[in-house]
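K.L.:
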Amino acid sequence: MLVSNRNRLDRELDVLIDKCGRQRTALMPILQAVQRKYGFIRNFAMQKIADALSIHPVEVHGVVTFYSFLSEKPRGRFIIRLCRTISCEMAGKDRVAAQLETELGIKFGETTVDKRFTLEWANCMGLCDQGPAMLVNDTHYTRVTPQRVLEILEECRSRLSPHAMQGAEEEHLV
Amino acid sequence: MSTELTFSQVDPYAGLKAAAGIGRADILATMKTANIRGRGGAGFPVSVKWNLAAAAVGPEKFIVCNADEGEPGTFKDRLVLSEHADLVFDGMTIAAIAAGAQKGILYLRGEYVYMLNDLETVLARRREDGMLGQNSAGRIGFDFDVEIRLGSGAYVCGEETALIESLEGHRGEPRNRPPFPVDTGYLGRPTVVNNVETLAWAACILARGAEWFNRIGTEQSAGPKLLSISGDCENPGVYEFPLGVSITEVLKVVGAEDAKAVQIGGASGQCVPAGNFERKIAFEDVATGGSIIVFGPGRDMLDVARNFMEFFVDESCGQCTPCREGNEKLLEGIEMLAAGTCSMKYLRELCSLGKTMQVASKCGLGQSSPNAFLSIVEHFPDEILGRAEGTVA
Ligand SMILES: Cc1cc2nc3c(=O)[nH]c(=O)nc-3n(C[C@H](O)[C@H](O)[C@H](O)COP(=O)(O)O)c2cc1C
Ligand code: SF4
Ligand code: FES
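These protein sequence lines map, in sequence, to chains A and B. Position one of the first sequence corresponds to residue 5 (this note's numbering), numbered consecutively onward. Position one of the second sequence corresponds to residue 315 (this note's numbering), numbered consecutively onward.
1) Residues in the stretch 424-458 of chain B with C-beta within 8 Å of chain A's C-beta atoms, listed in sequence order?
2) For His484 (chain B), return the contacting residues in chain A, with the cut-off set at a CB-CB distance below 7 Å.
3) Exposed or buried, what is His144 (chain A) when buried is set at 16 or more other beta-carbons lying within 10 Å of its beta-carbon?
4) Would you tell me roughly how many angstroms separate the C-alpha atoms of Ile2 (chain A) and Asn621 (chain B), rounded to the nearest one?
5) Taking 7 Å as the cut-off, decide whether the C-beta atoms of Gln584 (chain B) and Asn449 (chain B) are in contact.
6) Given a limit of 7 Å on CB to CB distance, which residues of the stretch 72-100 of chain A reach chain B?
7) Using the Cα positions of Glu175 (chain A) and Ser466 (chain B), report the straight-line distance between them to the nearest angstrom.
8) Within the stretch 115-171 of chain A, note down every full beta strand (DSSP E) run reaching 3 residues or more, in order along the chain.
9) Helix, strand or coil for Thr344 (chain B)? Go by DSSP, reduced to three states.
10) Is Ile690 (chain B) helix, strand or coil by DSSP?
11) Assign Gln633 (chain B) to one of two classes, buried (16 or more other C-beta atoms within 10 Å of its C-beta) or exposed (fewer than that).
12) So who's on the other strand from Phe622 (chain B), going by DSSP bridges?
13) Is the beta carbon of Gly603 (chain B) sitting closer than 7 Å to the one on Glu385 (chain B)?
14) Mind listing, in chain order, the residues whose beta carbon lies closer than 6 Å to a non-hydrogen atom of ligand 2?
15) Can you find the residues in the same chain that come closer than 6 Å, C-beta to C-beta, to Arg147 (chain A), ignoring five residues on each side of it along the sequence?
16) Use the C-beta contact count for Ile454 (chain B): other C-beta atoms within 10 angstroms, 16 or more gives buried, fewer gives exposed.
17) Around the Cβ of Leu540 (chain B), are there at least 16 other Cβ atoms within 10 angstroms (buried) or fewer (exposed)?
18) Tell me which same chain residues have a C-beta within less than 6 Å of the C-beta of Gly486 (chain B), skipping the five on either side of it?
19) What I want to know is whether the C-beta of Arg353 (chain B) ends up closer than 6 Å to one or more non-hydrogen atoms of ligand 1.
20) Starting from Ala49 (chain A), find everything on chain B with Cβ-Cβ shorter than 9 Å and list it in chain order.
21) Does DSSP classify Glu663 (chain B) as helix, strand or coil?
22) Here's the rule: buried if 16 or more other CB atoms are within 10 angstroms of the residue's CB, otherwise exposed. What is Phe597 (chain B)?
23) For Asp404 (chain B), which residues in chain A fall below 8 Å Cβ to Cβ?
24) Where Glu697 (chain B) and Asp614 (chain B) are concerned, what is the direct C-alpha to C-alpha distance, given to the nearest angstrom?
25) Tell me the residue span of the alpha helix (DSSP H) that contains Thr532 (chain B).
26) Whose Cβ in chain A lies nearer than 9 Å to the Cβ of Tyr553 (chain B)?
27) Output yes if chain B places a C-beta closer than 7 Å to the C-beta of Arg28 (chain A); else output no.
28) Strictly below 7 Å CB to CB, what residues from chain A border Arg392 (chain B)?
29) Against chain B, does His60 (chain A) count as a neighbour if the rule is that its beta carbon must be under 7 Å from one of theirs?
30) Assess contact between the stretch 556-574 of chain B and the stretch 497-514 of chain B, defined as three or more Cβ pairs (one per stretch) separated by less than 8 Å. Is contact present?
31) Spell out a yes or no on whether the stretch 552-565 of chain B and the stretch 528-542 of chain B are touching, meaning 3 or more CB-CB pairs, one atom from each, closer than 8 Å.
32) In the DSSP assignment, the beta strand (DSSP E) including Ala653 (chain B) goes from what residue to what residue?
Listed below in structure tokens is the structure:
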């Protein structure tokens, strides 16, 4: 990490920690905010959060690895989570999965080289009456068909217009 | 498609205002007469839980609304939170008056973060209307407020002690019970944990009266229940039925009369074959937190069992051996069945392993994860045995 980026992250974490508080109950909100902003929680951030909350970094690491929405490794700008549970399976999630893999050229569990997309399986997300269901970051998509896959990906890409892209991508890779 | 729900007919604030007028003792008496049991799955009597919390001693007490809704096939809490959030917050505030709590926390699963802004808007309006904050609902000295906290994608965090661990900033690993949250809960304080739907019904009961509620349903399972119905049916969605309704009746309404089996209670529930559709959805017969998944005539029940077992292997917190190892073994067994290499003798061993898990696991996840496997083996032996590799029934 560049020293300038590191300093920036350091300052941003200070602000975040001040906002959430330094008690142990603030740990999840802090981690969730870091995850949202940077796309993952790097060692430096875990160390810093542990110091602020006066707990061992191993404790923070233990929490990060427990929750599937928290990650210690960089993920794509858009995390696509396709539901693999039974109602969505019966509604045809396998074909949606195959089309996603084809369009993006990656398998589930992988991230595209341009760091834009990560494909992940998710368990039931409470949209079983409208499957196959899928989350792209915080947005949910229902009754997804193989045919709609490209359209959804294009929608994501359009949000990363050259202008929007700069700020976002930079922030994400800090 | 959804039928008209009672929740659409009860005015926001009505139940809370009634409760604020009568106070703690009468609220507890009303809940007892209504005879309502928890809607999150376990069916614990609400009046007993609230009484225990009211009697518990502590410098502060908490009301936690469990909106983790992770059981496969359940989505009724999503509907309640998106369309009737006021009833849920009314219910939390009523519980707070009853238990003497100062603070409420709604634990919203991370997958539902898209509802967060709307829920915060509802809370802000309730503060403006005097339903939250200082002297909430006009009760002098009753300062109650609600904070929303998010989950981060862990099914086990729906278990109440794991949920509390998560709120405290730990891994979502269930605790031993006892002690129960009603005396040693969030931050070691007395804590009421109730399901979203339970709290919304509490608001309706205070608004409409305990007798109205109690007249619906059966003696041991009072009141209406929301069911989330998905799978092979014409009209999936959220429905309201009186508890005690037969599976046949439910299937008729959703357009699934040709069903071969239904899974009741989600992955941790049980699989009921067509021959038993006269059974009733009630705590004393087939219990459910609300999940009903329909399997049409063409479905391969081994695929169903595999999907559920994969779910549990993925979601087990790994804290205790019966659950951590047992789920892996059962999944392995399912692969063997699919390949036609599972002997009857080994299948019997797997079933006895499943029964051991039901008693030896630390929390409800491991205690119920073998249910689907065991009921599919029991009801569909000829469909799962004797396969040649690559064939389906
Ligand atoms: C693995 C597991 C997951 C659970 N998930 C939920 C859930 O998502 N929502 C819920 O209300 N209860 C869930 N429960 C049940 C809770 O532990 C608790 O019984 C319930 O929230 C109490 O509320 P009620 O009495 O109003 O039903 C779960 C239990 C287990 C063992
Ligand atoms: S039963 Fe499973 S989920 Fe529950 S404590 Fe044991 S390992 Fe964790
Ligand atoms: S099974 Fe996919 S959302 Fe529930």
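Each residue gets a CB set at the ideal place from its N, CA and C atoms; glycine is no exception. All values reported here derive from a predicted model rather than from experimental measurement.
P.N.:
The short version:
1) Gly424, Glu425, Tyr426, Val427 and Tyr428
2) Val67
3) buried
4) Since the first residue of chain A shown is 5 and the last is 178, residue 2 (chain A) is not available in this structure.
5) no
6) Ser72, Phe73, Leu74, Thr89, Ile90, Ser91, Glu93 and Met94
7) With a pLDDT of 48 at Glu175 (chain A), under the threshold of 50, the predicted position of this residue should be treated as unreliable, though the coordinate-derived value follows. If I take the Cα positions, the gap works out to 22 Å.
8) 121-126, 138-140 and 143-145
9) helix
10) helix
11) buried
12) Paired residues: none, contrary to the question.
13) yes
14) B:Val470, B:Pro488, B:Ser630, B:Cys631, B:Gly632, B:Gln633, B:Cys634, B:Cys637, B:Arg638, B:Ser675, B:Lys676, B:Cys677, B:Leu679 and B:Gly680
15) Gln134
16) exposed
17) buried
18) Ala468, Val470, Cys471, Ala476, Glu479 and Ser480
19) yes
20) Within 9 Å Cβ-Cβ: nothing; Ala49 (chain A) doesn't reach chain B, min ~15 Å.
21) helix
22) buried
23) What Asp404 (chain B) touches in chain A: nothing, since even the nearest Cβ is about 22 Å away.
24) 8 Å
25) Taken as a continuous stretch (DSSP letters only), Thr532 (chain B) belongs to no alpha helix (DSSP H), as it is neither H nor E.
26) Within 9 Å Cβ-Cβ: nothing; Tyr553 (chain B) doesn't reach chain A, min ~10 Å.
27) yes
28) Gly130
29) no
30) no
31) yes
32) Not the beta strand (DSSP E): Ala653 (chain B) falls in the alpha helix (DSSP H), residues Thr635 to Ala653.
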